[in-house]
Amino acid sequence: MVIYNSFRDSVLLLRDLSSTLQMDQQFLHMSLAMAQIISENDDNSSTGYRDGSHAPVVGPMTKALELPDDTRPVKQHVDRRIAFVSEVRELIANDFTRSLVLIVPNGADSFRLVTVRNKIDTGSDENFVNAELLQRHEIDPATITTIPEETREQRTLHMLNDFKFTPTQKIRLSWHKPNDMKQRESDFVIVKDAPFDVLIGSKQWQSEVKKSAFFLFGRRKSKAEKKEQKENAEKEEENAERLLKAQLEQTEELLKGRTRVNSDKSDEGSKSGRKKRC
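Dropping the structure here:
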């Protein structure tokens with residue numbers, strides 16, 4: 001009996017783990033699908049941007065912005081946004097982990113490129129770097145800055161289970177993403193025994209989002225076009241209501257027919273019963 005109970009507990013535990021894994025996979029697939037939809041919407045919406053045949057109506061906004069006739073800047077913005085969405089899809093598929101290249105000074109006139117594993121955490125207000133990483137790659141300790149005590153409390157991080165972390169040291173590092181040689185500089189809080197090399201928080205994430213989240217200009221619709229669009233939407237709504245009403249009426253007729261059939265069968269049964277008794 002003890003062996004059976006132990007086996008049963010193991011089976012139930014495996015079932016729970018399997019269920020949790022399936023849910024995680026479903027959430028991952030949902031996230032990937034959402035990112036795919038965003039990307040497709042960007043692709044579709046890009047066809048409605050400014051071009052030679054659909055010049056925007058000049059208004060206060062376009063006058064103030066002084067949009068050029070050349071559409072290349074708009075296309076560049078579109079490409080940048082689509083690239084950002086593709087990057088988000090890749091991050092979701094890789095558990096928000098990617099490679100990152102640190103630019104480490106190697107003397108006064110040279111530098112080294114160090115590839116590290118970078119965790120993306122949109123819920124963090126700070127960037128973090130593992131102290132062991134700095135020691136392993138012999139980064140100059142003179143570049144480490146002590147955070148003033150009067151500002152430490154303002155940067156205290158509140159985590160789960162009422163756990164608090166107050167940073168004491170930070171360092172400014174230069175880095176870039178693989179296949180993207182644009183150099184960036186960010187402040188990183190130094191932590192010990194971290195389960196990552198580098199962690200990028202929400203501030204850097206938001207800055208990357210802002211670069212791609214631009215205002216997209218399209219052709220301004222005339223009053224006639226807006227009226228036609230509104231009328232088409234109203235017609236579609238009326239057609240949908242009419243179809244729904246017809247389906248409801250058809251369902252009611254079917255229910256009435258079934259009720260009549262059941263009633264006739266019950267009448268026949270009662271008549272046959274009376275004949276047998278007679």
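Taking the UniProt record's numbering, I'd label the letters of the sequence shown as residues 1 to 278. For glycine and all other residues, C-beta sits at the position ideal for the given N, C-alpha and C.
{"Query": "Spatially closest choice to Arg112 from Thr146, Val104 and Asn118, by CA coordinates", "Result": "Val104"}
{"Query": "DSSP three-state assignment for Glu126, whether helix, strand or coil", "Result": "coil"}
{"Query": "Cα-Cα separation between Arg117 and Asp187, rounded to whole angstroms", "Result": "17 Å"}
{"Query": "Simplified DSSP state of Lys223, which is helix, strand or coil", "Result": "helix"}
{"Query": "7 Å Cβ shell around Gln204 - same chain, five flanking residues per side excluded", "Result": "Asn127 and Ser186"}
{"Query": "Nonlocal neighbours in the same chain, by C-beta distance under 6 Å from Thr47, ignoring five residues either side", "Result": "Any reading at Thr47 is ruled out, since the residue's pLDDT is 44, under 50, leaving its predicted position unreliable."}
{"Query": "Spatial neighbours of Ala131 in its chain, beta-carbon cut-off 7 Å, leaving aside the 5 residues before and after", "Result": "Ile190, Val191 and Lys192"}
{"Query": "Option nearest Arg98 by Cα separation, candidates Glu228, Asn232 and Leu199", "Result": "Leu199"}
{"Query": "When Leu134, Thr151 and Ala194 are compared against Thr143, the one with the closest alpha-carbon", "Result": "Leu134"}
{"Query": "Separation of Thr145 from Thr115, as counted between CA atoms", "Result": "23 Å"}
{"Query": "For Arg117: DSSP bridge partner residues", "Result": "Ser99"}
{"Query": "Simplified DSSP state of Pro148, which is helix, strand or coil", "Result": "coil"}
{"Query": "Separation of Phe163 from Arg155, as counted between CA atoms", "Result": "14 Å"}
{"Query": "Boundaries (first-last residue) of the alpha helix (DSSP H) holding Arg136", "Result": "Ala131 to Arg136"}
{"Query": "Beta-carbon spacing of Pro148, Leu100 below 9 Å", "Result": "no"}
{"Query": "Pro105 - partner residues in DSSP beta bridges", "Result": "Phe111"}
{"Query": "Same chain, Cβ closer than 8 Å to Glu234, five either side skipped, listed in chain order", "Result": "none"}
{"Query": "Selection from Ser110, Phe165, Glu150 and Glu138 that minimises the alpha carbon distance to Asp125", "Result": "Phe165"}
{"Query": "First through last residue of the beta strand (DSSP E) which encompasses Arg172", "Result": "Gln169 to His176"}
{"Query": "Residue(s) in a DSSP beta bridge with Ser186", "Result": "Leu173"}
{"Query": "Distance, Asp121 Cα to Glu231 Cα", "Result": "46 Å"}
{"Query": "Burial state of Asp201 (16 or more Cβ within 10 Å)", "Result": "Rather than Asp, the amino acid found at residue 201 in this sequence is Gly. Buried."}
{"Query": "Counterpart residues of Ile200 in DSSP-defined beta bridges", "Result": "Ile120"}
{"Query": "Inter-residue Cα distance where the pair is Arg152 and Ser110", "Result": "34 Å"}
{"Query": "Gln183 beta carbon less than 9 Å from that of His176", "Result": "yes"}
{"Query": "Buried/exposed call for Lys223, threshold 16 Cβ in 10 Å", "Result": "exposed"}
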